[in-house]
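In the working numbering, the protein residues as written are 4 to 370. Scroll down for the structure; my scribbles are underneath it.
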Amino acid sequence: MRKMEKRMTALICIAMMFAAGCGQRETTAPAVDNSPAAAETAESKNQSGDKPVAGMTCYMYSDTHIANVRNTVLGEAENGPVAVETSDSQFDVGLQMNAMDAFVTKGAKYLVINNINTNAKDQVIDVARRADIPIIFWNTDSPSDEEMESYGPCYFVSSAAEQSGVVQGEAAAKYWKEHPEADRNGNGKLDYVMLMGQIGNYDTEMRTKYSIETVQEAGIETNCLLEVVCEWQRAKAQDQMASVISANANDIDFVFANNDDMALGAIEALKAANFFTDESTYIPVLGVDATKVGLQAIEDGTLLATSLNNPVTMGKCIYKLLELLESGQEINSENLGFEIDGHKRVWLDYVAITKDNIEDADLSKYQ
């Protein structure tokens, strides 16, 4: 895996990298009920009593991974020292900033931000600084070293997104070398479609960059048929994939998607175009997050691989930070139970998931 120095270099160079681009299994059930009703019930419990409150923003409740992290945090808060109230940013920077201000106005003691205002992280930190309260960035791109150090109680919890790109690239390279028939048009190049999350988003950029670089480093020539933003959404990915199928049906060798939801949208479009009917119409599709529906697709044989961005581990780490802050204990790797670096960042590792090790995505093991 890439070393931490590589991650820091990637963060410093992030603006330049993207501009240069082409461009139901019981054992794998979520750790907590993922339904909106369950989340609202847990949140209602957290708002009662005299506990201090953490205001938590989510970029979009409907995102499967985000919903699982949110529910894990709410579950931890039911018996923890800090109550948690959450807000759906609906993929809108203005809504997210307004929600942060509203949390502060209501007297929140902590801010926990799934930040989408990626070009103004200093402004996000300023909201916490003016209120003199700690802030935790989660599942987002990290503020720079200088931004992290500009405010003492500023923390970061996320997975190392380049790892998930490497997982995709390694799975694609392995399949390509073991299956010569994967070169469907016989041009000697891995012709691919890239379904991206959000322009300027750290996960989008790292997954897009490292997936293809890993394939190329394996000695495989690549050709980008389409690189398109689908905003992490299954329906948008399905629409975009349907369009590229109509224009390049005989050329598509692989589909890379920045998350499982978009991968599933691509799979639906491929099914509608009569792919996946037998071995001769199989197209390898790769996702990220190891969601319940993504794992089912692996079992069904339509999703080649994904990587576990463990929502239970992430949610527990976020809430443990809140517990340590509330108790006034020193925040270090030993007390936190997760490795935290000198810039107050926690990087959680991805786990490659294929049909051969799908049991490793059993979230109940992490409860």
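Idealized CB from N, CA, C, for every residue including glycine.
Can you grab the Cα-Cα spacing for the pair Ile301 / Met100, in whole Å?
Position 298 of the sequence shown holds residue 301. Position 97 of the sequence shown holds residue 100. Going by the C-alpha atoms only, they are around 38 Å apart.
Count the other C-beta atoms from every protein chain shown that fall within 10 angstroms of the C-beta of Leu366, then say buried if there are 16 or more, exposed otherwise.
The residue you call residue 366 lines up with position 363 of the sequence shown. Result: buried.
Determine the burial state of Ser330: buried for a count of at least 16 other Cβ atoms within 10 Å of its Cβ, exposed for fewer.
Locating residue 330 in the sequence shown gives position 327, counting from the first residue. Exposed is the call here.
Report the residue ranges of all beta strand (DSSP E) runs contained in full by the segment 102-149; include only those spanning at least 3 residues, in chain order.
113-116, 138-141
Quick one: what does DSSP say Arg187 is sitting in, helix, strand or coil?
Numbered from its first residue, the sequence shown carries residue 187 at position 184. Looking at Arg187 - three-state DSSP - the assignment turns out to be coil, as it is neither helix nor strand.
For Cys227, which beta-bridge partners are listed by DSSP?
Position 224 of the sequence shown, counted from the start, is the residue given in the question as residue 227. For Cys227, which the question treats as bridged, DSSP gives the partners Tyr195.
Please list, in chain order, all residues of the same chain as Asp363 whose beta carbon is under 8 Å from its beta carbon, the five residues on each side excluded.
Reading the sequence shown from its first residue, position 360 is the one you call residue 363. Within the same chain, Asp363 has close Cβ partners Leu311, Val354, Ile356.
What's the gap between the Cα of Thr305 and the Cα of Val288?
One-based indexing of the sequence shown puts residue 305 at position 302. One-based indexing of the sequence shown puts residue 288 at position 285. The alpha-carbon atoms of Thr305 and Val288 are separated by roughly 7 Å.
So what does DSSP say about Met59, is it helix, strand or coil?
Taking the sequence shown and counting its residues from 1, one reaches residue 59 at position 56. Here Met59 sits in strand by DSSP.
State yes or no: is the C-beta of Ala240 within less than 9 Å of the C-beta of Gly268?
Locating residue 240 in the sequence shown gives position 237, where the first residue counts as 1. Locating residue 268 in the sequence shown gives position 265, where the first residue counts as 1. Contact flag set, yes.
Neighbour flag for Ser283 against chain C, beta carbons, 9 Å
In the displayed structure, chain C is absent; only one protein chain is listed.
Looking only at its own chain, which residues have a Cβ that is under 8 Å from the Cβ of Gly110, when we skip the five neighbours before and after it?
Translated into the one-based positions of the sequence shown, residue 110 becomes position 107. Hits under 8 Å: Val56.
Return yes when the Cβ of Ile69 is within less than 9 Å of the Cβ of Asp95, no when it is not.
The residue labelled residue 95 in the question sits at position 92 within the sequence shown. The residue labelled residue 69 in the question sits at position 66 within the sequence shown. Their beta carbons are not under 9 Å apart, which means Asp95 does not touch Ile69 by this criterion.
Closest Cα partner of Arg133 within the set Tyr154, Val247, Ile116, Leu298
Here residue 133 corresponds to residue number 130 of the sequence shown, with the count starting at 1. Selected option, being the one with the closest Cα: Tyr154.
Across which residues does DSSP place Ile69 in a beta bridge pair?
Start at 1 with the first residue of the sequence shown, and residue 69 comes out as number 66. Ile69 pairs with nothing; no bridge assigned.
Determine whether the beta carbon atoms of Thr220 and Gly168 lie at a separation below 9 Å.
Along the sequence shown, read from residue 1 onward, the residue named residue 220 stands at position 217. Along the sequence shown, read from residue 1 onward, the residue named residue 168 stands at position 165. Rather than Thr, the amino acid found at residue 220 in this sequence is Glu. Using a Cβ distance threshold of 9 Å, Glu220 and Gly168 do not count as a contacting pair.
DSSP has Glu208 in a bridge; who is on the other side?
Within the sequence shown, numbered from 1, the residue matching residue 208 stands at position 205. In the DSSP output, where bridge partners are listed per residue, Glu208 has none listed.
Check Trp350 in the structure and name its three-state DSSP category.
Taking the first residue of the sequence shown as position 1, residue 350 is located at position 347. Assigned with DSSP and collapsed to three states, Trp350 falls in strand.
Once DSSP output is grouped into helix, strand and coil, what is the label at Cys233?
As a working mapping, residue 233 is identified with position 230 in the sequence shown. If DSSP states are grouped into helix, strand and coil, Cys233 belongs with coil.
Let me check understanding here. Comparing Cα to Cα, which of Arg237, Cys61, Asp104, Leu273 lies closest to Asp263?
Within the sequence shown, numbered from 1, the residue matching residue 263 stands at position 260. Among Arg237, Cys61, Asp104, Leu273, the Cα nearest to that of Asp263 is on Arg237.
Identify the continuous alpha helix (DSSP H) that holds Ser330 and give its terminal residues.
Here residue 330 corresponds to residue number 327 of the sequence shown, with the count starting at 1. Taken as a continuous stretch (DSSP letters only), the alpha helix (DSSP H) holding Ser330 covers 314-330.
Simplified DSSP assignment, three categories, for Leu1:
Nothing about residue 1 can be reported from this structure: the residues present for the chain run from 4 to 370 only.
Do you know whose CA, among Val130, Asn71, Ile270, lies nearest Val247's CA?
Position 244 of the sequence shown holds residue 247. For the residues Val130, Asn71, Ile270, the minimum Cα distance to Val247 belongs to Ile270.
Helix or strand or just coil, what does DSSP make of Ala260?
Within the sequence shown, numbered from 1, the residue matching residue 260 stands at position 257. Note: Ala260 maps to strand in three-state DSSP.
Considering only the beta carbon of each residue, do Val115 and Val130 sit closer than 9 Å?
As a position in the sequence shown, residue 115 is number 112, starting the count at 1. As a position in the sequence shown, residue 130 is number 127, starting the count at 1. For Val115 and Val130, no; Cβs fall outside 9 Å.
For the beta strand (DSSP E) that Tyr154 lies in, which residues bound it at each end?
Numbered from 1 along the sequence shown, position 151 holds the residue referred to as residue 154. Taken as a continuous stretch (DSSP letters only), Tyr154 belongs to no beta strand (DSSP E), as it is neither H nor E.
When Gly58, Trp141, Val127 are compared against Glu88, the one with the closest alpha-carbon
The count along the sequence shown starts at 1 and reaches residue 88 at position 85. Ranking Gly58, Trp141, Val127 by Cα distance to Glu88 puts Gly58 first.
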